[in-house]
Every structure is written in C-alpha cells, then in structure tokens.
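Chains as they are written, first to last, in the numbering used here: chain D, 7 to 361; chain C, 131 to 226.
Each residue gets a CB set at the ideal place from its N, CA and C atoms; glycine is no exception.
Taking it in order: structure first as structure tokens, then the write-up.
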Amino acid sequence: MTGKDLPALNIADLQPLLRRREVSPREVIDVLRARIQDVDGEIDAYLSLDFEAAAKEAEKANVDLPLGGVPIAIKDIISVAGEPCTCASKILHGYRAPYDATVIRKLRAAGAIPFGKTNMDEFAMGSSTENSAMKLTRNPWDLSRVPGGSSGGSAAAVAADEAFGGLGTDTGGSIRQPAALSGVVGLKPTYGRVSRFGVVAFASSLDQVGPLTKTVRDSALIMNAIAGHDPQETTSLNEPVPDYTAGLGRDLRGVRLGLAKEYMIEGTNPQVKAAIDAAVKHLNSLGAEIVDVSLPHTDYATAVYYILATAEASANLARFDGVRYGYRAENPKDLLDHYGRTREEGFGPFSAPMF
Amino acid sequence: MAKTSDLDVAYIARLARLNLTDAETELFQKQLGDVLRYAEKLREVDVSHMEAAAHAVPIFNVFREDAPRDWFTAEQALSNAPHQANGLFIVTKVVE
C-alpha cells in the first residue's frame with residue numbers, strides 16, 4: 007500500500023495501520039490533504055479546511071484510542087472551537103464557533119481529528135445541497151448530479167475518499183437521503199441518543215446528529231464515540247450506551263422486519279423498488295423474517311413534518327438578529343430597518359419562509 | 131379554520147421583521163397556504179383515543195443545580211459581535 011491508496015480505506019481498515027505504526031496520524035492528515043487538493047475542485051464538498059490545526063492534533067494523537075488519529079469531516083452546522091460555522095448561510099459569514107459541540111468534544115476524547123467543515127443546504131433546509139449560499143456540491147459518482155442533502159457535503163466527501171468518515175445532521179432525512187444518493191452509510195440515531203449541544207438548531211423536536219461512513223462498522227465506531235447522555239442537553243437520554251459493534255458480523259435469525267405497504271406506492275421509481283426487493287431477498291437469506299405491515303398514518307407524515315419543522319425553525323432562527331453574532335446590515339436607519347435588512351441580506355430564499 | 135386568502139403575509143413578515151419583495155410575498159402566500167392545507171388535512175385523523183405527547187421520549191422537567199461554572203468570558207461572548215465597544219454589544223438606537 008502506498009500513501010496514495012490510504013484515503014480509499016475505511017476507518018476500520020485504517021486503524022490497524024495506525025496501531026502497528028505503519029503510518030502515522032500526521033501522514034494520514036497529509037495524504038488526506040493531498041486527496042482533497044486533487045479532487046475537491048470538482049466535488050466542492052468542503053466549505054473550510056484547517057490542516058494546520060489537524061496536523062497539530064495529529065502530532066499528539068493517541069492511536070490506541072477508539073478513533074485515535076482518524077480524521078473526521080464535520081457538517082458546517084456543528085461547532086468546532088475556533089473554526090467557521092456558517093450553516094452555508096451568508097448570515098453567519100465570518101462567524102467562528104467559540105466552543106466545541108459535545109459531539110466534537112466526544113470525538114476528540116475518542117482520539118478523532120476534525121479537519122474540515124462540509125457544505126450543506128442553508129440551515130439544513132433542503133435535500134440536495136443546492137440551497138447552500140456558498141457553493142454547489144457535486145455527486146462524486148456523476149458530477150452532473152446532486153449528492154442529496156442537507157448533509158450533502160459530508161456524504162460527497164466520504165464517497166469521494168475525501169474523508170474517512172463524517173458527521174451530519176438529520177431532521178427530515180438529511181443524513182439518510184444524501185447517504186443513499188451518494189452511496190455511503192448514513193444513520194439517524196434515535197432521538198435523544200446523541201447530544202445537540204453546540205449544533206445550530208433547525209427543528210428541535212426532530213434534529214439529530216449522526217455518522218456518514220463507508221461501512222456499517224465505521225458507523226458503529228462513530229456511534230460508540232458520540233452517543234450518550236449530556237447534562238448540557240436536556241433532551242438527551244440518560245440511558246446506558248450499548249457497544250454498537252457488538253451486533254456486527256452475526257446473521258439475522260430471529261429478527262423480524264416490517265415492510266410498510268404504504269411505502270410502495272404508485273409512482274415508486276422501478277429502480278428504487280428493485281433495490282428494495284433485492285434488500286429484502288438479501289435480508290431473507292441472512293435469516294431475517296420480512297413481514298408486511300401497515301402504517302396507516304404515513305400519508306399524514308409530510309403534513310405533520312411541514313407544520314412542526316416550519317414552526318420550530320421560525321422560533322430557532324429568530325436569534326439571527328445582527329446583534330450578537332453574524333451578519334449585520336450597514337447603517338440601518340432604525341431598529342426595524344436593522345432587523346429587516348439584516349435578514350433580507352443575510353438569509354437565503356429558502357430559510358426566509360420558515361418564519 | 132382560516133382560508134389561504136385570509137393570510138396577510140405582509141403583516142406576518144412585519145411581525146417577523148422580514149423585508150419581502152412583492153414576488154416573495156406572493157410566493158410565501160402560496161407556501162404558507164400549503165402549510166394551512168396540511169393543518170386542514172390532519173383534521174381527517176381521529177385522535178380522540180390518543181394521549182397527547184409533547185415529547186418523543188418520556189423525559190420531563192430536567193433540572194440542574196443552580197451553580198456557577200466556568201464558561202464564556204465576556205470577551206469570548208463578544209468575539210463574533212458585528213459591532214462592540216468597551217466590552218458591550220452596540221445595538222441600533224431604540225430610543226429617541
């Protein structure tokens with residue numbers, strides 16, 4: 007294996023190399039940097055990079071920790087101390103996070119190294135990453151297509167081997183859908199499992215932070231690091247965290263999975279239907295029992311989502327007033343002009359209607 | 131139930147301190163109308179036998195000790211302020 011091949015590795019395959027001292031955390035950062043320089047001009051997954059800070063972290067990394075020396079890409083809605091956190095909005099242009107989000111603190115405690123912030127739909131409102139006020143991110147499999155969203159930067163970075171793994175956030179599909187569109191593994195953890203402290207809020211009754219990775223095992227490794235109770239987050243669950251890797255590698259005998267008939271509707275893309283049928287067959291072959299179930303309220307989910315998400319976003323985005331942080335309109339003639347123009351000039355076309 | 135046409139988007143925008151162009155007002159009129167139709171759609175569902183839930187998991191009244199802790203300095207709190215002086219946020223004039 008040469009250094010050039012390193013970025014293609016998943017986390018679990020990179021770790022033995024680090025632990026046997028065949029490659030140093032500093033070398034990993036350097037080859038990742040070279041990979042990003044090579045391909046990110048076309049993919050545009052990242053909004054900001056800080057290899058200087060990452061290299062410093064790498065010099066003192068303890069590779070025997072659960073994620074020791076592993077660089078992780080971070081969606082630009084999660085606070086990393088001293089780094090920009092724009093939410094891909096002009097209203098947070100120039101803002102630097104004054105502290106680490108709990109998930110970042112936990113990743114660091116597990117030895118991981120944040121090094122870059124990834125593109126997204128503005129304030130996580132969107133599902134293609136086209137609603138970024140900064141730039142368009144391309145799907146690495148086909149540059150004419152979107153990577154999905156809103157965590158499209160993290161999904162594209164992982165798919166293009168520009169990151170060994172990444173963090174995203176999911177309110178109404180923003181990890182799972184870009185993972186699907188970019189061909190990586192994405193997990194929205196159970197609500198309350200992962201702290202949102204230090205994560206810019208969109209719809210607080212739905213938001214969760216979760217991993218985007220190359221493999222299910224890597225997803226489990228990141229979950230082991232970020233899950234758990236946080237006294238600074240009142241909605242976080244005070245429950246023991248299982249070892250997420252414990253269930254890997256087993257067959258699925260005795261597992262019963264429901265397939266909701268409401269999800270297979272007229273107009274379902276035949277390729278999607280074929281992929282689900284293939285998954286059912288595969289799960290069956292592993293011993294799982296697939297049963298037809300009905301979720302009769304499925305048709306109302308979209309309605310509930312749009313009512314709750316818009317109302318909660320309205321409350322959460324009211325904090326952007328041009329006083330304490332972020333963009334502020336020049337020379338307002340009075341207070342109403344200050345608020346009105348700050349938001350008119352700072353918010354993109356999609357977040358405004360959320361009020 | 132309010133009709134879409136009853137929605138005064140310009141008034142709502144004033145309350146939310148948002149400046150909207152005429153085109154945006156028209157667009158958001160339609161989008162907010164969609165949300166109202168969603169609310170109307172939910173009336174079809176019989177929830178009389180359901181217990182109301184305010185939270186996805188049963189966590190209630192999370193309190194903490196009212197104790198001081200090390201956190202932001204004033205300097206850090208001001209570090210992202212668009213305008214500041216003498217350790218204070220400068221705000222747009224609110225009194226004559």
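Sorting Asp56/D, Asn244/D and Leu292/D by C-alpha distance to the C-alpha of His235/D places Asn244/D at the top. Judged by DSSP secondary structure, Tyr101/D falls outside any beta strand (DSSP E); it is assigned neither H nor E. Beyond the five residues adjoining it in sequence on each side, Val45/D comes within less than 7 angstroms, by CB distance, of Ala166 and Glu168 in the same chain, given in chain order. Ala209/D is not a Cβ neighbour of Thr175/D, given a cutoff of 8 angstroms. Using a CB distance below 8 angstroms, the part of the region 210–224 of chain D facing chain C consists of Ser211, ordered along the chain.
Residue state for Gln238/D is assigned as coil, using DSSP reduced to three classes.
Taking C-beta separations shorter than 8 angstroms and ignoring five residues to either side along the sequence, the partners of Tyr52/D in its chain run Ile42, Asp46, Ala79, Gly122, Lys123, Thr124, Asn125, Gly159, Ala163 and Glu168, following chain order.
For Thr175/D, the enclosing beta strand (DSSP E) has its first and last residue at Gly171 to Asp176. Only residues of its own chain outside the window of five on either side were considered, and among them Ala107, Thr108, Asp236, Gln238 and Glu239 have a CB closer than 7 angstroms to the CB of Phe203/D, listed in chain order. Segment contact: the region 338–355 of chain D against the region 91–98 of chain D, three or more CB-CB distances shorter than 8 angstroms; contact assigned.
Not a single C-beta of chain D is nearer than 8 angstroms to the C-beta of Ser178/C. The Cβ atoms of Pro90/D and Tyr105/D lie no closer than 8 angstroms to each other.
The three-state secondary structure of Ala266/D, taken from DSSP, is strand. Contact annotation for Thr177/D against chain C: no contact, minimum CB-CB distance about 13 angstroms [criterion: below 9 angstroms]. Counting along the chain, Asp298/D sits inside the beta strand (DSSP E) bounded by residues Glu295 to Val299. Boundaries for Phe121/D: no alpha helix (DSSP H) harbours it, while the beta strand (DSSP E) harbouring it runs Ile119 to Thr124, taken from the DSSP string.
Scanning the region 312–356 of chain D for uninterrupted alpha helix (DSSP H) segments of 4 residues or longer gives 341–352, listed from N- to C-terminal end. For Val200/D, the pairing in a beta bridge is given by DSSP as Ala233/D.
In the structure shown, Ala60/D falls within a helical segment according to DSSP collapsed to helix, strand and coil. Closer than 8 angstroms to the CB of Pro212/C there is at least one CB belonging to chain D.
By alpha-carbon distance to Leu258/D, the top candidate from His288/D, Arg32/D and Ala233/D is His288/D. In chain order, Thr222 make up the part of chain C whose C-beta sits under 7 angstroms from the C-beta of Pro338/D.
Around the beta-carbon of Asn230/D, 16 or more other beta-carbon atoms lie within 10 Å, marking it buried. Counting the other CB atoms within 10 Å of its CB gives Gly264/D a total below 16, which places it among the exposed residues. Of the other Cβ atoms in all chains shown, 16 or more fall within 10 Å of the Cβ of Ala233/D; this residue is therefore buried. For Ile142/C, the three-state secondary structure derived from DSSP is helix. Taken through DSSP and simplified to helix, strand or coil, Phe202/C comes out as coil. Residue Val261/D holds the alpha-carbon nearest to the alpha-carbon of Glu295/D among Thr135/D, Val261/D and Ile228/D.
Beta-bridge partners of Ile80/D (DSSP): Lys123/D and Leu173/D. Judged by beta-carbon spacing, Arg334/D lies beyond the 8 angstroms limit of His185/C, meaning their Cβ atoms are not closer than that value. Taking Ala139/D as the centre and dropping the five residues before and after it, the same chain places the C-beta of Ala94, Ser95, Lys96, Glu128 and Gly354 closer than 6 angstroms to its C-beta, in chain order.
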